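Protein chains in written order, with our numbering: chain Y, -8 to 143; chain X, -8 to 143; chain V, -8 to 143; chain G, -8 to 143.
Beta carbons are placed, not taken as given, at the ideal position from N, Cα and C, and that holds for glycine.
Predicted model only: the values in this text are computed from it and were never measured.
So the structure is just underneath, and the comments pick up after that.
Protein chains: 4
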Amino acid sequence: MAAAERPTRSDYAAWDEATLRWADVDVYGHVNNARYFELIDTAVNVFLARESGVDIRRLPAIGVVAEVGCRYFREVEYPGSVKLGIRVERLGNSSIIYRVGIFPAADDERPADEAAAEGRFVHVYVDNTDPARPSVPIPAQIRGAVQQLVTR
Amino acid sequence: MAAAERPTRSDYAAWDEATLRWADVDVYGHVNNARYFELIDTAVNVFLARESGVDIRRLPAIGVVAEVGCRYFREVEYPGSVKLGIRVERLGNSSIIYRVGIFPAADDERPADEAAAEGRFVHVYVDNTDPARPSVPIPAQIRGAVQQLVTR
Amino acid sequence: MAAAERPTRSDYAAWDEATLRWADVDVYGHVNNARYFELIDTAVNVFLARESGVDIRRLPAIGVVAEVGCRYFREVEYPGSVKLGIRVERLGNSSIIYRVGIFPAADDERPADEAAAEGRFVHVYVDNTDPARPSVPIPAQIRGAVQQLVTR
Amino acid sequence: MAAAERPTRSDYAAWDEATLRWADVDVYGHVNNARYFELIDTAVNVFLARESGVDIRRLPAIGVVAEVGCRYFREVEYPGSVKLGIRVERLGNSSIIYRVGIFPAADDERPADEAAAEGRFVHVYVDNTDPARPSVPIPAQIRGAVQQLVTR
């Protein structure tokens, strides 16, 4: 992975924080790769819960995860907490691609300059009232909330 | 469970905080019972890491969990964070019994008056350099750290 | 813990099996204590799903966990799978106390003679259609299913 | 995602099986996206543990996850188990790219024809005895084991 690809603090539009857990750590003392995805989808869902003004779990259209990935640049240290930067890479008609940067906290409590990892998270909205679950336009409350995360 | 048994904020000697995760929540919208134990053992291990002044994972004597339990009084709400109160119920020769109260955060950021749940966590120290893992006295650094959590 | 307390294979009335995961293992190479509770509540819920003949998640009365605990006698080995023995300690009017024994698989694929751990799991049935969630009698389909687990 | 991209049973070189857990399921009744990665890295690590003939956790060179991702085609059903197909997309000098297909079990206990999800898992071998963790050649035992997974 080229160093140039490693995201920095200024790449993100909104921030959250999460605490790490003893159970996150594997036999090598590293946070297990699967656990990063718990942080990534929480960053997205907490943002939507806070900014949309609705209980997103009760909307007829729900976001299902079509694809997700994470690149790991450097380990994060347990015990401690991490800063989660969030931005939208692409806001489509029925899908949203988020980027979530995972940063150690710097001494001044701001995120460190460079991300320790970055997740890419693809939500597709589907009609949860129809068992065939066809894709549908992104609900207006969600679209309004994520607009501010589009960084270019 | 009699109301009298439900622990309150003043029962605990030290505090920590933890953020909840989307993946903590089950199909009923409740934090899954197993996930509380991730908060409970993190509260104990973070306290020991911070107060003992040593990397407890590198000590020859390690604390293994002999028994653990949790009583659930009221749900905690995702998204959000919880306050974790900790105290020591019994400090033995080779074992320590902790109590960890899980509290929602009140409006003023203090823990609520009454615990939403309480965990009971029993650590027994064993010699990690001996495959038979005999129990051993609690290391001095650990004993020194937990002394302040003995509440009676 | 006295050796006499350690449960044996003949103590259980029904069996299930679960595979362990890399992420279950902590920095000491042990299955993390919280992860046992994922096995314990799966054993109860899978039994109920299979034997009740209904989707228990859709019943108006749902089982909420009031209390749960686990005693650990010996480690289970990752990688591998475990056998889960289940029995009912007490079948009340609105609550059920389960015991779930966690056994390594013996060479002949039967569970080993002695449990590596035992969980105690207390379900209380509540009316999920009422926000106050009052306790209610155990649904007939559930009671019918668990009757066979009452051992004595 | 084009239908053509969806992997099928014949794409994989080795198989494993994993049981699902109640705690895997989120508020929508779906297996949480992060939990697939627990299945994916277990498939890789169990294969290596079984086929390499060594305790891979004790080797001086360890595989760290540089990148991982998953595409979700269809939900898997809890309760139940899944079949995990594994193959190697690229066997490099110090890195291995695995593909892990997650399949529901068909009626005849074989995996279904089409994958419900596919993970892509990138291991880079590093010298675990050097704090700088430089990348190193894949250990011979690991290379020997994964050779059979190279599918083209």
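Distance check for residue j and residue i, CA to CA, integer angstroms please.
| i | j | result |
| --- | --- | --- |
| residue 2(G) | residue 142(G) | 8 Å |
| residue -2(G) | residue 122(Y) | 24 Å |
| residue 115(Y) | residue 75(V) | 38 Å |
| residue 137(V) | residue 35(V) | 10 Å |
| residue 89(X) | residue 38(G) | 39 Å |
| residue 32(Y) | residue 92(Y) | 12 Å |
| residue 22(G) | residue 29(Y) | 12 Å |
| residue 5(Y) | residue 140(Y) | 7 Å |
| residue 102(G) | residue 7(Y) | 40 Å |
| residue -8(V) | residue 98(X) | With a pLDDT of 39 at residue -8(V), under the threshold of 50, the modelled position of this residue cannot be trusted; read the value that follows with caution. Distance between the alpha carbons of residue -8(V) and residue 98(X) is about 43 Å. |
| residue 47(X) | residue 100(V) | 38 Å |
| residue 105(G) | residue -4(G) | 10 Å |
Along chain G, which residues have their Cβ under 7 Å away from the Cβ of residue i?
| i | result |
| --- | --- |
| residue 118(V) | Per Cβ cutoff of 7 Å: no residues; residue 118(V) is ~19 Å from chain G at best. |
| residue 136(V) | Residues of chain G passing the Cβ test: none, with the nearest at roughly 14 Å. |
Listing by chain order, which chain X residues have their CB less than 8 Å from the CB of residue i?
| i | result |
| --- | --- |
| residue 36(Y) | 13, 70 |
List, in chain order, every chain V residue whose beta-carbon is nearer than 9 Å to that of residue i.
| i | result |
| --- | --- |
| residue -3(G) | Going along chain V, no residue has its Cβ under 9 Å from residue -3(G), so there is no contact; the nearest lies around 25 Å. |
| residue 29(G) | 12, 13, 14, 15 |
DSSP on residue i, reduced to helix/strand/coil?
| i | result |
| --- | --- |
| residue 120(G) | coil |
| residue 38(X) | helix |
| residue 18(G) | coil |
| residue 78(Y) | strand |
| residue -5(V) | Unreliable placement is indicated for residue -5(V), whose pLDDT of 47 sits below 50; the coordinate value is still reported in the next sentence. Residue -5(V) falls in the helix class under three-state DSSP. |
| residue 100(X) | coil |
| residue 9(G) | strand |
| residue 167(X) | Any answer about residue 167(X) is impossible in this case: the structure gives chain X only from -8 up to 143. |
| residue 114(X) | strand |
| residue 129(X) | coil |
| residue 63(V) | strand |
| residue 29(V) | helix |
| residue 143(X) | coil |
| residue 137(Y) | helix |
| residue 85(V) | coil |
Would residue i and residue j be called neighbours here (beta carbons separated by less than 9 Å)?
| i | j | result |
| --- | --- | --- |
| residue 12(V) | residue 9(G) | yes |
| residue 0(Y) | residue 94(Y) | yes |
| residue 17(X) | residue 25(G) | no |
| residue 117(Y) | residue 58(Y) | no |
| residue 132(G) | residue 45(G) | yes |
| residue 52(X) | residue 130(X) | yes |
| residue 86(G) | residue 43(G) | no |
| residue 108(Y) | residue 27(Y) | yes |
| residue 67(Y) | residue 73(Y) | yes |
| residue 50(V) | residue 134(V) | no |
| residue 71(Y) | residue 61(G) | no |
Which residues in chain V have a C-beta closer than 8 Å to the C-beta of residue i? List them in chain order.
| i | result |
| --- | --- |
| residue 104(X) | The contacting residues do not exist; residue 104(X) stays about 20 Å from chain V at best. |
Residues of chain G with CB under 9 Å from residue i, in chain order?
| i | result |
| --- | --- |
| residue 32(V) | 12, 13, 14 |
Task: Under 8 Å (Cβ pairs) to chain Y, residues found in the stretch 3 to 25 of chain G - done: 18, 19, 21, 23, 24, 25
- [ ] Mind checking the stretch 106 to 131 of chain V against chain G and listing, in chain order, the residues whose C-beta falls within less than 8 Å of any C-beta there?
- [x] none
TODO: Check each residue of the stretch 42 to 69 of chain X: if its Cβ is closer than 8 Å to any Cβ of chain V, include it; give the result in chain order.
DONE: 48, 53, 55, 56, 57, 58, 59, 60, 61, 62, 63
Open item on the list: By the 9 Å beta-carbon criterion, what residues does the stretch 84 to 96 of chain X contribute toward chain V?
Closed with: none
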